[in-house]
Every structure is written in structure tokens, then in C-alpha cells.
Amino acid sequence: MDELILAAVVATRVAVPLAIPRFPLPAMLAALVIDGIDQTIFQTFTSLDLAGYQSYDKALDVYYLSIAYVATLRNWTNLAAYGVSRFLYYYRLVGVVLFELSQLRWLLLVFPNTFEYFFDFYEAVRTRWDPRRMSLGLVIGAAAFIWIFIKLPQEWWIHVAQLDMTDFIKQQVFGVSPDSSWAEAITANPTVLLVAGVVVALLGLLGWWLLTRRLPPADRPFTLDADALQPPVPETAIRQRRERMAGTLFDRELLEKIVLVSLVSVIFGRMLPGDDLPPLGLAVGVAVVILANTAITEWQIRRGRRWGSVVTQFGLMLALNVAIVAVAGFLLRIANAEPIQHALVFVLLLTLIVTLYDRYRPVHLARFGL
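Letter by letter, the sequence shown follows residues 4 to 373 of our numbering.
Printed below as a string of C-alpha cells:
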């Protein structure tokens with residue numbers, strides 16, 4: 004039963020982020036909630052040793068944030084907001100890489116994960132308003148507010164002070180030991196639930212007042228679907244961008260894919276249990292695979308062929324990348340199971356990010372006439 008619960012939680016954490024491109028806000032919030040409660044689920048319903056899960060937990064965080072970044076290429080119509088999100092995402096990635104290489108926890112305070120909440124802010128605006136109306140000042144102000152007043156305290160709490168919110172709530176709010184169950188905590192101090200309910204109700208009333216009295220009138224009906232009421236991008240313009248990108252193998256798109264996937268792969272390599280993979284060697288391997296993927300994709304486009312659906316493209320590129328890794332493993336005479344398992348994790352991650360990037364980057368370029 005313990006293994007089934009573990010498998011179910013991990014499968015959920017892998018599957019839910021795949022909905023971010025189409026349903027950004029609910030999928031992103033769901034990924035955030037699952038990330039917050041997964042270990043509570045394990046502690047409550049299993050007797051698992053969670054020491055090994057910690058590494059996978061952090062790697063899965065990087066995974067869903069990577070999908071969120073690529074989804075901005077598909078969906079975002081405010082170029083200033085996209086530029087800010089792009090900076091915030093790569094800034095955090097660089098910080099996590101530096102932390103994983105040095106283990107200096109204060110680096111995570113200097114490089115906070117502002118991107119995640121900025122993404123949520125933008126998508127919350129898009130549920131009722133046209134994001135193109137947001138000025139550069141509003142976009143930068145929102146990012147600065149999230150950075151200073153939300154993420155810095157949170158990063159200090161988690162990574163510098165290394166405090167656990169669950170333990171803090173049980174000890175300081177309910178007045179029980181951290182080892183107590185939630186049922187025991189609630190029984191010991193049920194008034195906390197009443198106070199929490201009142202606070203939630205007041206926050207709900209405040210939100211309703213802001214929506215109806217202070218915020219500008221909605222531009223459209225409430226929607227969580229990224230494709231609903233989205234300004235259309237002509238398919239001919241997208242196809243032209245794909246053909247233009249296919250004309251040059253070594254371009255900024257290739258460079259960004261190599262940088263993006265290399266940073267993510269280095270982070271995964273440091274987080275996965277077992278021997279640490281050399282960052283430089285890993286980055287070189289990633290670059291070679293991405294170069295091969297890009298060459299084949301652009302060759303297909305120049306011949307007038309299309310991959311079809313994103314699932315088809317992912318499946319074909321995954322088969323190609325698995326074959327590349329298998330040949331490399333044979334040539335390097337790698338027989339141990341653990342390096343092969345890690346290689347498969349990298350292949351899945353690399354293929355997913357590259358496939359989504361190749362699908363959505365031309366949409367972004369066509370939307371803004373770049």
C-alpha cells in the first residue's frame with residue numbers, strides 16, 4: 004500500500020503540470036498544492052522513509068516550473084510581462100544551479116522563486132481581463148511586490164531559517180508536538196478552526212469588494228481556459244515562423260534550448276540520488292542531443308513535412324533520444340542500472356521541454372511579429 008500511495012502521488016505530480024499550457028492557473032495552483040501536501044500525505048498514510056524522496060521532490064518543482072515557462076510562449080499576449088517572467092525564470096534557475104554546486108543556502112534568498120507567483124498573478128488577471136492592458140509599470144510593480152513582500156520572507160523561512168510550516172502550525176498555533184496527527188491537533192484546540200474560518204470569510208469578502216468596487220470592469224467572462232477568448236494567431240504566420248527558424252540551425256532558439264535544458268538537467272543531476280553527474284559533461288551531452296533533435300526537426304520542416312500533434316512529435320523524438328542514449332551507453336560501456344535510469348529521466352525531461360519549446364516558440368514570434 005505504501006508503494007501505491009507513493010506511485011500515485013508521484014504520478015499526479017508528473018501528470019498535473021502537463022495541463023499548464025491549456026489551463027495555466029488551475030493546473031499551476033494544483034501543482035503548488037500537491038507539492039505542499041505530498042509529504043503530509045506520506046507521513047499520515049504511510050510509513051515510508053522520506054529521505055530519498057526529498058531529492059525527487061525538489062526536482063519535480065523544477066519540472067513543473069519549466070513547463071510553466073514554456074507555456075508563456077504559447078499563451079502570453081503582453082510582451083513586457085513575458086520579458087519579466089523570462090528574466091525571473093532564468094534568474095531562479097541560475098540561483099538553483101549555484102546552490103546545488105555550492106550548497107550555500109543564502110543563494111536561494113538572493114535568487115528567489117518570484118517567477119512562480121508572477122505567473123499566477125498574470126494568469127489570475129487573464130481570467131477576466133485582457134493582459135495586454137497591463138502597463139510596463141504595473142508588470143514591474145507586481146513582480147517587485149511579489150519578490151520583496153512574498154518570496155523573500157518565504158525563502159528566508161524555508162531555506163535560511165529552515166523552519167517547517169507544518170511543525171510551526173502544530174506547535175505555535177495548536178499547541179501540540181510536531182509528531183501529533185492533525186486530528187490530535189484539532190482536538191486539542193478546535194477554536195483555531197473557527198478563527199481560520201472567520202479569516203477565510205473576511206478574505207473572501209475583501210476579494211469580492213476589490214473585484215466589484217476597486218478593480219476595473221472585466222473585459223470578458225471568467226474563464227480558466229487559455230484558448231478561450233484568446234486573440235487568434237494566424238496559422239499561416241506560425242508556419243512562416245517555423246520555416247524561417249528552420250532556415251538556420253545555429254540561431255538564438257537553439258542557444259536558448261541548450262541553455263534552458265542544460266540548466267534544468269544540471270539541477271536534476273545534482274538532486275537525483277546517487278553519484279553526482281559532472282555538470283560540464285552533462286551540459287555537453289544535452290547540447291549534442293538538442294542539436295540532433297533540432298537538425299531533424301528543421302530537416303522535416305524544410306521538406307514540407309509536419310510532426311502532426313504534440314503527442315506524435317513527443318513520441319517520435321523520445322524514441323530518437325532513447326536510441327541516442329542507448330548507443331552512447333553502449334559505446335561508453337555503461338552497464339550499471341542507476342546511471343541508465345538517470346539517463347532515461349533526463350531523456351524524458353529533455354524531450355518534453357524541447358518538444359513544447361519547438362511547438363510554442365513560433366506561436367510567440369508570430370503573435371508579436373518578431
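We treat Cβ as the ideally placed atom computed from N, Cα and C, and that holds for glycine.
| Asked | Found |
| --- | --- |
| Between which two residues does the alpha helix (DSSP H) harbouring W211 extend? | T194 to W212 |
| Does the distance from the C-beta atom of V328 to that of V357 stay below 9 Å? | no |
| To the nearest angstrom, report how far apart E238 and S50 are at their CA atoms. | 53 Å |
| Report all residues from its chain with a CB closer than 7 Å to the CB of V366; omit the five preceding and five following residues, and keep chain order. | L76, R77, V236 and I241 |
| Is the CB-CB distance between E259 and Y360 below 9 Å? | yes |
| Following the continuous alpha helix (DSSP H) through K402, name the residue where it begins and the one where it ends. | Because the chain spans 4 through 373 in this model, residue 402 falls outside it and cannot be assessed. |
| Enumerated in chain order, which unbroken segments of the alpha helix (DSSP H) with a length of 4 residues or greater are wholly contained in the segment 93-120? | 110-113 |
| Write down the C-beta distance between I143 and V87 rounded to the nearest angstrom, noting that I regard them as a contact closer than 8 Å. | 7 Å |
| What are the uninterrupted segments assigned as alpha helix (DSSP H) that are 4 or more residues long and contained completely in the segment 9-70, given in chain order? | 27-48 |
| Cβ of L209 less than 9 Å from any chain C Cβ? | Among the protein chains of the structure shown there is no chain C, as only one such chain exists. |
| Around the Cβ of E187, are there at least 16 other Cβ atoms within 10 angstroms (buried) or fewer (exposed)? | exposed |
| List the whole-angstrom C-beta distance separating F121 from I161, where the pair is believed to meet the contact cut-off of C-beta under 8 Å. | Between I161 and F121 the Cβ distance is about 18 Å, and since that is not below 8 Å, they are no contact. |
| Taking the continuous alpha helix (DSSP H) assigned at M4, which residues delimit it? | Careful: M4 lies outside any alpha helix (DSSP H) and carries neither H nor E. |
| Can you give me the Cβ contacts of Q226 inside the same chain, cut-off strictly under 7 Å, excluding the 5 residues immediately before and after it? | First, the amino acid is wrong: residue 226 is Thr here, not Gln. Result list for T226: T130 and L232, in chain order. |
| Restricting to Cα atoms, I'd like to know which of D182, E158 and V163 is closest to T169. | D182 |
| So what does DSSP say about G307, is it helix, strand or coil? | coil |
| Evaluate R217 with the Cβ neighbour count: other Cβ atoms within 10 Å of its Cβ, from every protein chain shown; 16 or more gives buried, anything less gives exposed. | exposed |
| So for S350, helix, strand or coil by DSSP? | In the sequence as presented, Ser is not what sits at residue 350; that position holds Val. Note: V350 maps to helix in three-state DSSP. |
| Anyone know if the C-beta pair for I44 and I8 falls short of 9 Å? | yes |
| Between the Cα of A83 and those of R136, M274 and V350, spot the shortest distance and give me the residue it belongs to. | R136 |
| Would DSSP call N81 helix, strand or coil? | coil |
| Distance, Cα to Cα, V128 vs P134? | 7 Å |
| When burial is assigned at 16 or more other CB atoms within 10 Å of the CB, is S105 buried or exposed? | exposed |
| Flag this pair as touching only if the segment 110-125 and the segment 204-221 have three or more C-beta atom pairs under 8 Å; answer yes or no. | no |
| Kindly indicate which three-state DSSP category S312 falls into: helix, strand or coil? | coil |
| Please report how far the alpha carbon of R309 lies from the alpha carbon of R244, in whole angstroms. | 14 Å |
| Measuring CA to CA, which of I70, P156, A369 and E246 is closest to L351? | I70 |
| Using the C-alpha atoms, what's the distance from L166 back to L112? | 14 Å |
| Taking C-alpha atoms, which residue in G272, P282, V264 and F271 lies nearest to N296? | V264 |
| At the level of alpha carbons, what is the spacing between A338 and E246? | Note that A338 scores a pLDDT of 49, beneath 50, so its modelled location is shaky and nothing firm can be said. |
| Which one of E158, W79, A191 and G178 has the shortest CA to CA distance from D123? | W79 |
| Should E6 be labelled buried (16 or more other beta-carbon atoms within 10 Å of its own) or exposed? | exposed |
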